[in-house]
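Residue numbers (our numbering): 47 to 296.
The beta-carbon is built from N, C-alpha and C at its ideal position, and this holds for glycine as well.
A quick note: this is a predicted structure, and the numbers were derived from the prediction, not measured.
What follows is a set of notes on a single structure, which appears directly below.
Right under this line is the structure:
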């Protein structure tokens, strides 16, 4: 079985709470007191653990900041786009899907997963090429959100967009020069497409979207990074879903 490594306090705590399989947890023998809450959870859940030197933790975390704790877990399984739609159907909600076109920075993906979980997104779709996968760095940046968000990894974003459109979803891309987001109705079954850090949306993906929206930029900076833009857009979707039509444009 493929194994994944999760490190950092918040990431490990959320992994344990999620109920996903945890094979073993390594704890720093120099920070026993600080990780007493994690030790308590491990004992309650019956998860094997071991105290080790920080050098061992540094080795497994590839020198990244591990905060004295590291877990071995089954590699997170990707889902299919239809699984995401089924999840929304089961909840009795209009699908809300976040699609990422070429997001290669693990910190951006982790932050977007965190925002997706916080806003109730039913799933995130990423491409197999030109995109970072669910790496330990992504898991840590997501602060554990990766354990709760369904993620699909597809071969062709354009074909996936057409499939979702055929299932009744409206596909909204985000890019400079589009319609003002605050003058756009974002309710109903929705796919939000965010482009990569440098190139934005690829041409074919942009042309496949039903509409393009943009965030108004009132200062001297002309753009926001992918995770910030995506978070703002998702919260605007939630705001509109929670308000009546008459209140949306006030």
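Does the Cβ-Cβ distance between residue 62 and residue 93 come in under 9 angstroms?
The sequence position of residue 62 within the chain shown is 16, counting from 1. The sequence position of residue 93 within the chain shown is 47, counting from 1. Closer than 9 angstroms, so yes.
In three-state terms, what does DSSP make of residue 168?
By one-based count along the chain shown, residue 168 stands at place 122. It is coil, neither helix nor strand.
Less than 9 angstroms between the C-beta atoms of residue 242 and residue 222, yes or no?
Translated into positions along the chain shown, residue 242 becomes position 196. Translated into positions along the chain shown, residue 222 becomes position 176. No; because the gap between Cβ atoms is not below 9 angstroms, this pair is not in contact.
Own chain residues within Cβ distance below 6 angstroms of residue 254, not counting five before or after:
As a position in the chain shown, residue 254 is number 208, starting the count at 1. Contacts found: 204, 207.
If you count every other CB in all the chains shown that lies within 10 Å of the CB of residue 90, and 16 or more means buried, which is it?
Translated into positions along the chain shown, residue 90 becomes position 44. By the 10 Å Cβ count, residue 90 comes out exposed.
Between which two residues does the beta strand (DSSP E) holding residue 95 run?
Numbered from 1 along the chain shown, position 49 holds the residue referred to as residue 95. Segment 95-98, the beta strand (DSSP E) holding residue 95.
Report yes if the CB atom of residue 97 is closer than 9 angstroms to the CB atom of residue 50, and no otherwise.
For the purposes of this step, residue 97 is taken as the residue at position 51 of the chain shown. For the purposes of this step, residue 50 is taken as the residue at position 4 of the chain shown. For residue 97 and residue 50, no; Cβs fall outside 9 angstroms.
With residue 198 and residue 125 assumed to form a contact (beta carbons below 8 angstroms), what rounded beta-carbon distance in angstroms separates them?
On the chain shown, position 152 is the one that residue 198 refers to. On the chain shown, position 79 is the one that residue 125 refers to. Contact flag correct, Cβ pair sits at about 5 angstroms.
Ordered along the chain, which non-local residues of its own chain (more than five positions away) have a Cβ less than 6 angstroms from that of residue 81?
What you label residue 81 is simply residue 35 of the chain shown in a count that begins at 1. Result list for residue 81: 73, 114, 115, in chain order.
C-alpha distance - residue 67 paired with residue 262, whole-angstrom precision:
The residue you call residue 67 lines up with position 21 of the chain shown. The residue you call residue 262 lines up with position 216 of the chain shown. Their Cα atoms are separated by approximately 44 angstroms.
Which one or two residues does DSSP pair with residue 226 in a beta bridge?
Against the chain shown, residue 226 aligns to sequence position 180. Residue 226 is bridged to 260.
Could you check the C-alpha separation between residue 224 and residue 256 for me, to the nearest Å?
The sequence position of residue 224 within the chain shown is 178, counting from 1. The sequence position of residue 256 within the chain shown is 210, counting from 1. Roughly 12 angstroms between the two C-alpha positions.
Helix, strand or coil: which one does DSSP assign to residue 184?
For the purposes of this step, residue 184 is identified with residue 138 of the chain shown, where counting begins at 1. If DSSP states are grouped into helix, strand and coil, residue 184 belongs with the helices.
To which residues of the same chain is residue 260 closer than 8 angstroms at the C-beta, ignoring the five residues directly before and after it?
Here residue 260 corresponds to residue number 214 of the chain shown, with the count starting at 1. Hits under 8 angstroms: 220, 221, 222, 223, 224, 225, 226, 227.
Thinking C-alpha only, which one of 215, 214, 216, 163 is nearest residue 194?
Residue 194 sits at position 148 when you count from the first residue of the chain shown. If we check each option's Cα against that of residue 194, 163 comes out closest.
According to the neighbour-count rule (16 or more other Cβ atoms, all chains shown, within 10 Å of its Cβ), is residue 282 buried or exposed?
Residue mapping note: residue 282 aligns to position 236 of the chain shown, counting from 1. It counts as buried.
N- and C-terminal bounds of the beta strand (DSSP E) containing residue 85
Your numbering for residue 85 matches position 39 in the chain shown. Premise fails: residue 85 lies in the alpha helix (DSSP H), 82-91, not in any beta strand (DSSP E).
What's the C-alpha gap between residue 142 and residue 105?
Working through the chain shown from its first residue, we reach residue 142 at position 96. Working through the chain shown from its first residue, we reach residue 105 at position 59. Taking the straight line joining both Cα atoms gives about 39 angstroms.
Rounded to a whole number of angstroms, what is the C-alpha to C-alpha distance between residue 139 and residue 76?
Residue mapping note: residue 139 aligns to position 93 of the chain shown, counting from 1. Residue mapping note: residue 76 aligns to position 30 of the chain shown, counting from 1. Approximately 47 angstroms between the Cα atoms of the pair.
Here's the rule I'm using: 16 or more other beta-carbon atoms within 10 Å means buried, otherwise exposed. How should residue 100 be labelled?
Here residue 100 refers to the residue found at position 54 of the chain shown. With fewer than 16 Cβ atoms within 10 Å of its Cβ, residue 100 is classed as exposed.
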